[in-house]
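Sequences listed follow chains F and W, in order.
Each residue of the first sequence is one higher than the one before, starting from 1 at the first, in the numbering used here.
Each residue of the second sequence is one higher than the one before, starting from 335 at the first, in the numbering used here.
All residues carry an ideal CB built from backbone N, CA and C; glycine is no exception.
Contents: one structure, followed by commentary.
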Amino acid sequence: MGRITLDKVGKSFGEVEVIPPLDLTIEDGEFVVFVGPSGCGKSTLLRLIAGLEDVTGGEIRIDGKDATSVPPAKRGLAMVFQSYALYPHMSVRKNIAFPLRMAKMSAAEQDRRVKAAAEVLNLTDYLDRRPGQLSGGQRQRVAIGRAIVREPAAFLFDEPLSNLDAALRVGMRLEISELHNRLKTTMIYVTHDQVEAMTMADKIVVLRAGHIEQVGSPLELYRAPRNLFVAGFIGSPKMNLIGAEIAARHDATTIGIRPEHLAVSGESGALHGRVGVSEHLGSDTFFHVTCDGVADPVTVRVGGEVDLHYGDTVWLTPDPDHLHRFDHEGLRIA
Amino acid sequence: MARAVSTRRKIATTAVAWAIGLLIFFPIYWTILTSFKTEAQAINNPPLFFNFDWTLENYTIVQERSDYMRFLWNSVIIAGGSTFLGILVAVPAAWSMAFVPSRRTKDILLWMLSTKMLPAVGVLYPISLIFVQFNLLDTRIGLTLVIMLINLPIIVWMLYTYFREIPVDILEAARMDGAGLREEILYVLTPMAIPGIASTVLLNVILAWNEAFWTLNLTAATAAPLTAFIASYSSPEGLFYAKLSAASTMAIAPILILGWFSQKQLVRGLTFGAVK
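Quick look at the structure:
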């Protein structure tokens, strides 16, 4: 079981309020991702849940029990750190067994669990090595192994993939998702990478300056961002945000259109512009079009290969069903 | 990018380093040499370098006159004991300063170090009184305690600088893995800090071994370590240079050998962790 409830939890460092009081419920078995730009308080929030930082106010409940002043060792949570934080003086076997040793588990049981974890994570051949002799991806697996052996109430991941190279990151992302599907244990995952958030989460919590901007499933956030911040943060490439007269035509201060929701035509359309730089990814092509009356270049996604060249004149038309409208405060107009 | 160093410059640096090294080593070398001379040869003018009759006579006399082993044993107990006690006290102190610093941690560290700037003789009287009061004069336990306290600031400082190099993530990982404070220090911090602790131990054994002010002032016979052994041969009158040298050589030999084999750790210790 691993249902975590935050009730008006806040954190200040001296005079500086890093996290104003917030409420959040994480259901048992959910994969929740905290996402936001650096300095938004996502890591601090995770550390509050872990117990590595003391809350300034509010209450943290784990499975209904007040855990606010319970030390991290007794919360029954496991954490995977960005730096892996393996014990450099212990072999992989001892690293993974450490939480079991702390729980005073019998040697036989320790051995059984370490072997099982090593098998799942493809670490069987490396059990007698030291962390220093492993690659980044293997170290990350050891860190995960150390987290899973104890069968915790929930896993906490603090940007676990940011030290890995791009190719490895995609692989580990899948492995962690696979692990979640297999274990069905609550996972809280902190990242600044919205792609990780979109691909892995059951529920995304978007944070900015310690505030929760929006909570929802990846598709909810994609389809109906609550405000301009979420609209600009979720989705890759970014949503096009257009203000001024063009927005006024739609009775809004700002309108947002995702690159995939713009139709391109050589003859007519809502926006007239000139093709700038294009990015060909094979399956998709992104064009950056400078439109009349729009400050920033508009990004357009076109499937496959399209015969458009630098300097060509085009017309763009937003799909009315996927047009996002925001008022003067940046909030979504329903 | 590697800096190109000219051969001439390398030779010059090597020569200067050797010159300084020899200059520093010379007193020790001269002491050892003198210990193998007769008393008359020891004060010969001009000084004799090799052309003298090598003799072991001084060592025999010194050993006959005073029991080297008893002094040695006292030195071992006092240096070892004070270092061990010091480490025991300093590890938790340095842990708290390195990992849960408060606003005043820096001040406390400086204040601790400032006690080392005090002339020892300034507190001789109060310490002597305490020793008399508690019957600690000329006891090994009394001397061990005093020397431990004298060196404690250095031990805490050294451990503090070593601990600061340990990523706090790893200690937090231990906490998440269910380790309490005791387990965290015992199973994670201490093993990771072993190189640092080793150089701290070495340096403090040497400091305690060489400590002369307190050992000479607070002991008479039973607890007297090797420093007192040497001092007993230093006489304002009479020809005792060769015997004094023999006693000195015997007293410094163990620490010289220890230092020789642990040069690397010592350099790290002396630079307070600045060299990685």
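Ignoring anything shorter than 3 residues or poking outside the segment 156-195 of chain F, list the beta strand (DSSP E) runs there in chain order. 186-191
How about Val522(W): is its C-beta nearer than 9 Å to some C-beta of chain F? yes
State the CB to CB distance for the pair Lys42(F) and Phe34(F), rounded to an integer number of angstroms; the pair is presumed to be in contact (CB under 8 Å). 4 Å
Can you pull the chain F neighbours of Pro501(W), defined as C-beta to C-beta under 8 Å? Ser83 and Ala85
Relative to the alpha-carbon of Gly530(W), which residue among Trp491(W), Gly514(W), Leu367(W) and Glu545(W) has its alpha-carbon at the smallest distance? Trp491(W)
Distance check for Arg332(F) and Trp315(F), CA to CA, integer angstroms please. 26 Å
Label Lys184(F) either buried or exposed according to how many other C-beta atoms from any shown protein chain fall within 10 Å of its C-beta, with 16 as the threshold for buried. exposed
Within-9 Å CB hit, Ala103(F) to chain W: yes
Report yes or no: is there a C-beta of chain F within less than 9 Å of the C-beta of Ala508(W)? yes
Could you list which residues in chain F have their beta carbon closer than 7 Å to that of Ile504(W), in chain order? Ala85 and Tyr87
Quickly, what does DSSP pair Asn240(F) with across the bridge? List them, please. Ile257(F)
Quick check on Ala513(W) - is its C-beta less than 9 Å from some C-beta in chain F? yes
Under the rule that 16 or more other beta-carbon atoms within 10 Å means buried, what is Pro380(W), buried or exposed? exposed
Coarse secondary structure for Val434(W), derived from DSSP in three states: coil
If you pair each beta-carbon of the segment 211-224 of chain F with each one of the segment 71-89 of chain F, do three or more pairs fall below 8 Å? no
Cα-Cα separation between Val277(F) and Val206(F), rounded to whole angstroms: 31 Å
Answer yes or no: the CB of Ala270(F) versus the heavy atoms of the ligand FMN, is any distance below 8 Å? For the structure depicted, the ligand FMN is absent and the ligand set is empty, with no information on it obtainable.
What are the boundary residues of the alpha helix (DSSP H) that Met492(W) is part of? Arg474 to Arg498
Proximity to Leu6(F) [Cα-Cα], best of His192(F), Ile212(F), Gly171(F) and Val170(F): Ile212(F)
Evaluate Gln214(F) with the Cβ neighbour count: other Cβ atoms within 10 Å of its Cβ, from every protein chain shown; 16 or more gives buried, anything less gives exposed. buried
Do we get a CB-CB distance below 9 Å when we pair Glu545(W) with the residues of chain F? no
Which first and last residues belong to the beta strand (DSSP E) in which Phe287(F) is found? Asp284 to Cys291
What span of residues does the alpha helix (DSSP H) with Gly394(F) cover, start to end? Lying outside 1 to 334, the shown extent of chain F, residue 394(F) is not represented and no answer is given.
From the DSSP output, in three-state form, read off Thr553(W) for me. coil
Return the Cβ separation of Leu228(F) and Leu219(F) in integer angstroms, given the expectation that the two are a contact with Cβ distance under 8 Å. Contact doesn't hold; Cβ gap of about 19 Å is too wide.
Residue of Cys40(F), Val16(F), Val302(F) and Ser69(F) minimising C-alpha distance to Glu59(F): Ser69(F)
Taking the alpha-carbon positions, what's the Val466(W) to Thr478(W) distance? 16 Å
Can you confirm whether Leu77(F), when its beta carbon is compared against all beta carbons of chain W, has any partner nearer than 9 Å? yes
Can you tell me whether DSSP reads Met335(W) as helix, strand or coil? The predicted model places Met335(W) with a pLDDT of 47, which falls under 50 and marks its position as unreliable; any figure quoted below should be read in that light. DSSP places Met335(W) in coil when its eight states are reduced to three.
Rounded C-alpha distance that separates Glu27(F) from Ser596(W): 57 Å
So, Ala527(W) versus Leu550(W), is the Cβ gap smaller than 9 Å? no
Going along chain W, which residues have a C-beta under 7 Å from Pro99(F)? Asp511 and Gly512
With a threshold of 16 other CB atoms inside 10 Å of the CB of Gln599(W), please say whether the residue is buried or exposed. buried
Three-state secondary structure (DSSP) at Val18(F)? strand
If we ignore side chains and look at the alpha-carbon of each, how far apart do Ala376(W) and Ile362(W) end up? 15 Å
Looking at Thr254(F): is its Cβ nearer than 9 Å to the Cβ of Gly303(F)? no
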